[in-house]
Structure formats: C-alpha cells, structure tokens
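Notes follow once the structure below has been shown.
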Amino acid sequence: MCGINGYIDKKLSQDLEPIITKMNNMVIHRGPDDQGFLINKNISIGMQRLSIIDIKNGYQPMENNAKSISIVFNGEIYNYKKLRAGLVKEGVIFKTQSDTEVILKLYENYGIKSFSMLDGMYAFSIIDLNKERVLISRDFFGEKPLFYMNNNNSIIWASELKSILSVLTKKPQISKKSLNLFFKLTYIPAPFSIFEGIKKLEPNHYLSINLKTYKIEKNQIKHNFNNYNFESKKQIKSIVRDSIFSSVKSRTVSDVPITSFLSGGVDSSIITYCLAKNSSSKIDTFSIGFQKKSFDESHKAKIVSKIVGSNHHSIICEEKNMLRDINDVILNFDEPFADSSALPSYLLAKNTSKYFKVALTGDGGDEIFGGYNKYLTTKIVSNYVKIIPEIFHNLIKNNHKRFFPVKSDERGFNFKIKKFLDAVSYNEETFFNLISLGYSKDLMLEIFNDRFVDNSGWDYFLKIIPKNPKLLNDFKKIDTILSLDGDLLTKVDRTSMLSSIECRSPFLNKELWNMSLQINERYLIKGLNKKYILKESFKEFFPKNFLDLPKKGFGVPVGDWLRTFLKEELLYFSSKNIIEKQQIFNFLNLNKLINLHIERKNDYSFQLWTFFCFQKWYLNFYEGN
C-alpha cells in the first residue's frame, strides 16, 4: 500500500525534484517503509511505500526494460499471480515477484484493455513515452483515492489532497457545489472535492493525458462479466458461499501476516470465519467496544472469536481516547468529512497496526447483499404511501414530534420512527431523504447565507443515478455512486492509512457485485430479513439465529458530546465574530438550532456534527498557519 503523486510542468520552468519530494513527504503515513520518484523532462511521479508484497524488490517507480514505460502504484492486485502466469506463458520475463510489475507488463502487452483484467484495489499512474501520454486509473469500487488538478501551469495528481495543496502557490476557494453536498450528505462524493479546480477521479475510470496538448480525457473502464442462470435457492447459496470463500482466499495473498477486524456483525463474522478456515494457523481478531451500551456489540465479536478459535483483542472505545484523537482524525481527511464512525475506526486501526500491517474487513457486504435499513425502509414506504393519505401522514408526523420528541442521541425506537416519518415522500424521494444524513433542503436554506446555496452538485447526480428508484438494484447502484466511495471507503482508507495499516474488503469483488445484481431481490431481502441469502449461505457455521441479531452500527454519541465535552468548542465555532467573518452561515438561525440541541429540546446530532467538522476543517485550513 502506498501514497502516489504526480506532477506535469506545462511551462518546463521548474526543478521537479523538490516538488515531488514535498508531495511524497506529505503522505509518509501511507507508506513509511520506502520512498521513490522518477523525473523525465517535465513529468515527475513519486510514491511512499508500505511494503506488503515482494518487500525487498518491489521498489517504485518501476520501469520497463526500454525505460519507455514507468508506473507508480497504490494498492493490491489480488489476481496478480494468475495474470503473471499467463504472461510468462506468452514469453514475458519478470525481474520481481511484485504485483506492480504485473500491471506494468500487462499494460506493455495489452494497453488500456489490461485495466479490466485487474481484480484489486488500486490507483496507479503510468507514463507511456511511446504514445506520449500519462494514464491515471482507479479501481472498480474506489477503494483507493485519487485527486487531480489541471491549471494553466501544471497537471497535478495525488492519493491525498494534502499533497496537491502543498505545492500550490495560494489556497484554493471553496466549491459551493461541494459545500452544499457536504451539508446534505455529510461527505463529498466524486468527482467533487471541497476545492474549486480540484477533482476526484471516479471509481472504475481512468484519465488519459496527452503530453503534447495536455488535453485530459476521462473514460470508464469496460468489463466483460459472467452471466448467471440461477435455478434454485440451493444453487444460489452454494455459489454465494463458494464465491466469498474464494474472494477471502484471494485477499490473503501477502508476504506479511493478516488479521481480521471483527465487529460481530454479519459481514465481519462471515469474513472472519472464512479467513480462519483458510488459515493453517490460529488467526488474530480485533474488535472495538463502546462504553455506551446502545452503541456496543463487542459481545457478539467474542462469540465469533470462540467459534473460530482466534486470539481476540478487544479495544474499549473510551470517550477520552476518541476526544484526544479527534483533531488528527477529522483533519486527516483534508476536506470536511462528518461520518462519526471514523473515530472508532481510527482507534481500531491504530491499535491493530502495533501488531499487523494488513487486516480484512466486512466492508461492502451491505451494498452487495442488500443489508441497509434504508433499502428495507424504502420498500416499506412504497406500501405505506399507498395506504396512508398524505394529509394523514402529516398529522401522524406532527403529533409524533409533539408527543414523542427525540431529545437525545440514543438512536432508539423514537429516533427510528422519526427517521421513518421524515423520510416518507409522496413524490418518490424517500431513498434520497434517507441518504441525506445532514441537512434537509429547507434547513440548509435557513442556515446558509443566500449566496452559498447551490444545488447544482446534487442535480449532477440526479442525472446519472437511476430515475425514480424502486428496485433494490437501483438503491445499490445509487450507493456505489454516492456513499460507498464518498463515505465508507474514504473513511476506511484515511483512518487505516493514518495508522499505516492496509485494509482489504473481500466483499468488494467486482464479480461478486456482478453476481449479486443477477440474484432475484426476494433472496436478498425476504420480508423484513435483510441479506437473507448471505445469512442462509453461512448460518450453519454459527449459533442458531446469531446472524439475525440486530446491527447497532459503528457510530459514536456525538450528539451527547456536543452538549458536554465539545460544547465549548461548538459555541466558539458558532460565535458571532467567526460566523460574520466567514459569511457562509446565518448566525441567528444557526444558533437557534444549536440552543435547541444543547437544551435538549430537540436532537440535531447529525446536523451539528456536520457543522462542527466543517468548522474545524475551515478554521484549520483558512485561518490556521
């Protein structure tokens, strides 16, 4: 695992060595084991390496024999041994055992077509002097990040924003589109970033940069997927089980030991079981528990640990520890990011990294097999609106707020009912209401100054996601475009890389994704039972009904914190001097919201945590040194 960087000087006017070195130094945490760079006239590429495969010989940048093609690569290619064997049969000679060289040789022989052959998580850039182009590619799901910028003088790309920002002569302006997306979603999905002029490369895409004209073309990577003709539930179970076992096995290719993150939920439990069965020795597992019982499910992790016989390490997530690291975690994203589960994710990665460099996770299981409550809720709402007239729904909604107000961050029954009633839409916007974890459209109009309201970013996505989504596959596709890359995988990448540990997600296998799209949705959600076929495929390996236990998630009680430990900082962030200087927010309306929350008259945990994270980022970047 690495951090990669690149810089093209259009004017041929700079010494590139200090530039690429500076960019590399900004992401040492992504790869503390090694550093390298290559300069060819006005092009430079660099990397920081975390050594996982071919530790001794996998040095980067890597060049072909003619030194006409070079590559820097961040990630892992899980099928590299199979691809390597195929190339050897064709007479290709290798110097190393690294997956980086496989990508290089594969491209040398097949060109851009080779990108679709890769099973892995990656971002890489290739300089091809023969065809006078630079290629920058990103994996199918977007597990590894890539930012880029094209201005009058240069083209810059990097694994993290901080590398690009380090070589700019002035701080870029905030993108109003991205600001609105963030306050709506609590994260910023690709292709947008918080800064004007800096973009994220979308998953499953590549950039082609013409070295004569500096024109940039963006293209989607095309894949040839298998077709499945499922004839019975028994057949589906067999294929699902075999596919997951196979994916776990492929993701254990490493020259260093591998552990597993075990939350006790369905996905991590299944991945851990498969890892243990695939291992010739006793595995280690790591879990994190919470002091607040409404958030804690560490007891489930201990049950799974006993089943697989692992050396289990349980980390208690104490509030003082999370608060101690809160600055480092929030600011490490380089742009506003308000998924509170980043805090325990970091603590888990940080503690695991003391012993291991690689960990398997259950990430992606919900997207692949239909595990989110929002999928089920949307389907329930579709029946609800057929039975309950809108006028009666509004009456129910208003009376619930009156008699059963949500005043604390417990996320219990009242919270869930409120979330359901707020999400209900009679114009087919239910799913979008559910994924908008931050501010509603009306609330944004209240807290933003008029000149900062800009919904064009959201309009961009409405054009590319499924229209009027009703089917489970529609919801899944929307999540892969918005939240999987923008939220979940961003969180996993930044928190793990901050701790210099590599996370691998066996569920994020493109063929597994393709297969799931061909499974009739009645096998994915059966009645109220989410991930039905996944649980059916593995239930025999776990205690009766264990996989049906409710999921608590990985969140933390930030709403409580904003009333206690973080209250003083929140009030400072919303003080009149700061708000008037920013000219982004409406001071009176914003503080009305804050006071209602602090006084426990209403709960605005998600909204105020979003504001808190934004302010911490803003004041650090624009007002800091």
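With my numbering applied, the sequence shown covers 84 to 708.
Cβ coordinates follow ideal geometry from the N, Cα and C atoms, glycine included.
Source: prediction; values computed, not measured.
Query raised in the report: Can you tell me the Cα-Cα spacing of Y163 and K301, whole angstroms?
Result: Indexing the sequence shown from 1 puts residue 163 at position 80. Indexing the sequence shown from 1 puts residue 301 at position 218. The straight-line gap from Cα to Cα measures roughly 25 Å.
Query raised in the report: Which residues mark the beginning and the end of the alpha helix (DSSP H) in which D643 is found?
Result: Stepping through the sequence shown from its first residue, residue 643 is reached at position 560. Unbroken alpha helix (DSSP H) run through D643: 641-646.
Query - C-beta atoms of I354 and G445 nearer than 8 Å - result: Residue 354 sits at position 271 when you count from the first residue of the sequence shown. Residue 445 sits at position 362 when you count from the first residue of the sequence shown. Yes; because the gap between Cβ atoms is below 8 Å, this pair is in contact.
**Report entry** Three-state secondary structure assigned by DSSP to R216
**Finding:** The sequence position of residue 216 within the sequence shown is 133, counting from 1. R216 falls in the strand class under three-state DSSP.
Query raised in the report: With which residues is D211 paired in a DSSP beta bridge?
Result: Numbered from 1 along the sequence shown, position 128 holds the residue referred to as residue 211. Beta-bridge analysis with DSSP links D211 to I152, R216.
Query raised in the report: Cα separation between S789 and C696?
Result: Missing from the structure shown is residue 789; the chain here goes from 84 to 708 and no further.
Report task. Within the same chain, show all residues whose beta-carbon is closer than 6 Å to that of D137, passing over the 5 residues directly before and after it, in chain order. Result -> As a first step, residue 137 is located in the sequence shown; it is residue number 54 there, counting from the start. Model confidence at D137 stands at a pLDDT of 49, short of 50, so the residue's coordinates are unreliable and nothing is read from them.
Query raised in the report: What are the boundary residues of the alpha helix (DSSP H) that includes A384?
Result: Translated into positions along the sequence shown, residue 384 becomes position 301. Boundaries of the alpha helix (DSSP H) harbouring A384: 381-391, taken from the DSSP string.
**Report entry** F177 classed as buried or exposed, judged by whether at least 16 other C-beta atoms fall within 10 angstroms
**Finding:** Stepping through the sequence shown from its first residue, residue 177 is reached at position 94. Its Cβ having fewer than 16 others within 10 Å, F177 is exposed.
Query raised in the report: Can you tell me the Cα-Cα spacing of F590 and R324, whole angstroms?
Result: Within the sequence shown, numbered from 1, the residue matching residue 590 stands at position 507. Within the sequence shown, numbered from 1, the residue matching residue 324 stands at position 241. F590 and R324: Cα-Cα distance of roughly 12 Å.
Query raised in the report: How about Q53 and G86: do their beta carbons lie closer than 8 Å?
Result: Nothing in the structure corresponds to residue 53, since the chain is present only between 84 and 708.
Report task. Would you check if the stretch 552-562 and the stretch 421-437 touch, i.e. whether three or more CB-CB distances between them fall below 8 Å? Result -> no
**Report entry** Proximity to F344 [Cα-Cα], best of E585, K124, N603, K469
**Finding:** Here residue 344 refers to the residue found at position 261 of the sequence shown. Closest by alpha carbon: E585.
Report task. May I ask you to report which of helix, strand or coil DSSP gives R407? Result -> For the purposes of this step, residue 407 is taken as residue 324 along the sequence shown, with counting starting at 1. Here R407 sits in helix by DSSP.
Report task. Round the Cβ separation of K78 and M109 to the nearest angstrom and send it over; I've been treating them as touching at under 8 Å. Result -> There is simply no residue 78 to check, as the chain begins at 84 and stops at 708 in what is shown.
Report task. In angstroms with no decimal places, state the Cα-to-Cα distance between I463 and N510. Result -> Counting from one through the sequence shown, the residue named residue 463 turns up at place 380. Counting from one through the sequence shown, the residue named residue 510 turns up at place 427. For I463 and N510, the distance between alpha carbons rounds to 15 Å.
Report task. Give the range of the alpha helix (DSSP H) segment to which F656 is assigned. Result -> Locating residue 656 in the sequence shown gives position 573, where the first residue counts as 1. Note, F656: alpha helix (DSSP H), 650-656.
Report task. Leaving out five residues on either side along the sequence, give the residues of the same chain with a beta carbon under 8 Å from the beta carbon of Q665. Result -> In the sequence shown, residue 665 corresponds to position 582, counting from 1. So the qualifying residues of the chain are Y701.
Requested in this report: With a 10 Å radius around its C-beta and 16 neighbouring C-beta atoms as the bar for buried, classify G202 as buried or exposed.
Outcome: Position 119 of the sequence shown, counted from the first residue, corresponds to residue 202. What sits at residue 202 in the sequence shown is Asp, not Gly. The residue is buried, with at least 16 neighbouring Cβ atoms inside 10 Å.
Query raised in the report: In this structure, what does DSSP give as the bridge partners for K283?
Result: The residue given as residue 283 occupies position 200 in the sequence shown. Looking at the DSSP assignment, K283 forms a beta bridge with F230.
Query raised in the report: Going along the chain, which residues of its own chain have a beta-carbon closer than 8 Å to the beta-carbon of Y522, five neighbours each way excluded?
Result: Residue numbering aside, residue 522 sits at position 439 when the sequence shown is read from its first letter. F266, K267, I530, Q690, T693.
Query raised in the report: Among the residues of its own chain, which have a CB less than 8 Å from the CB of N123, if the five just before and after it don't count?
Result: The sequence position of residue 123 within the sequence shown is 40, counting from 1. The residues are S153, I210, L212.
Query raised in the report: Out of curiosity, what's the CA-to-CA distance linking I281 and I219?
Result: Your numbering for residue 281 matches position 198 in the sequence shown. Your numbering for residue 219 matches position 136 in the sequence shown. C-alpha separation (whole angstroms): 15 Å.
Requested in this report: Measure the Cβ-Cβ separation of L406 and F656 and say whether it is below 8 Å.
Outcome: Looking up residue 406 in the sequence shown gives position 323. Looking up residue 656 in the sequence shown gives position 573. In this structure, F656 does not lie closer than 8 Å to L406 by Cβ.
Query raised in the report: Secondary structure at L528, three-state DSSP: helix, strand or coil?
Result: Within the sequence shown, the letter at position 445 stands for residue 528. Of the three classes helix, strand and coil, the one that applies to L528 here is helix, per DSSP.
Query raised in the report: Candidates Y467, E623, G129: which alpha carbon is nearest P101's?
Result: Residue 101 sits at position 18 when you count from the first residue of the sequence shown. Residue G129 is the option with its Cα nearest to P101.
Report task. Just mark T296 as buried or exposed, buried being the case when its beta carbon has 16 or more other beta carbons within 10 Å. Result -> In the sequence shown, residue 296 corresponds to position 213, counting from 1. Looking at its Cβ environment, which holds fewer than 16 other Cβ atoms inside 10 Å, T296 is exposed.
Requested in this report: Could you work out which residue in G169, G174, F624, H306 is closest to K597 when comparing CA atoms only?
Outcome: Mapped onto the sequence shown, residue 597 falls at position 514. A small fix is needed here, since residue 597 is Asn in this sequence, not Lys. If we check each option's Cα against that of N597, H306 comes out closest.
Requested in this report: Can you have a look at Y193 and say buried or exposed, based on whether 16 or more other CB atoms are within 10 angstroms of its CB?
Outcome: For the purposes of this step, residue 193 is identified with residue 110 of the sequence shown, where counting begins at 1. Exposed, by the Cβ-count rule.
Query raised in the report: For F704, does the count of other Cβ atoms within 10 angstroms reach 16, so buried, or fall short, so exposed?
Result: As a position in the sequence shown, residue 704 is number 621, starting the count at 1. Buried: at least 16 other Cβ atoms inside 10 Å.
Query raised in the report: What three-state label does DSSP hand H306 in the structure shown?
Result: Residue 306 sits at position 223 when you count from the first residue of the sequence shown. In this structure, H306 counts as coil in the three-state DSSP scheme.
Query raised in the report: Would you call the CB atoms of G448 and L617 closer than 8 Å?
Result: One-based indexing of the sequence shown puts residue 448 at position 365. One-based indexing of the sequence shown puts residue 617 at position 534. For G448 and L617, yes; Cβs fall inside 8 Å.
**Report entry** Residue from P272, T513, A421 whose Cα sits closest to the Cα of K283
**Finding:** Counted from its first residue, the sequence shown places residue 283 at position 200. Nearest option by C-alpha distance: P272.
Requested in this report: Indicate the three-state DSSP secondary structure (helix, strand or coil) for E663 in the structure shown.
Outcome: The residue labelled residue 663 in the question sits at position 580 within the sequence shown. The three-state secondary structure of E663, taken from DSSP, is helix.
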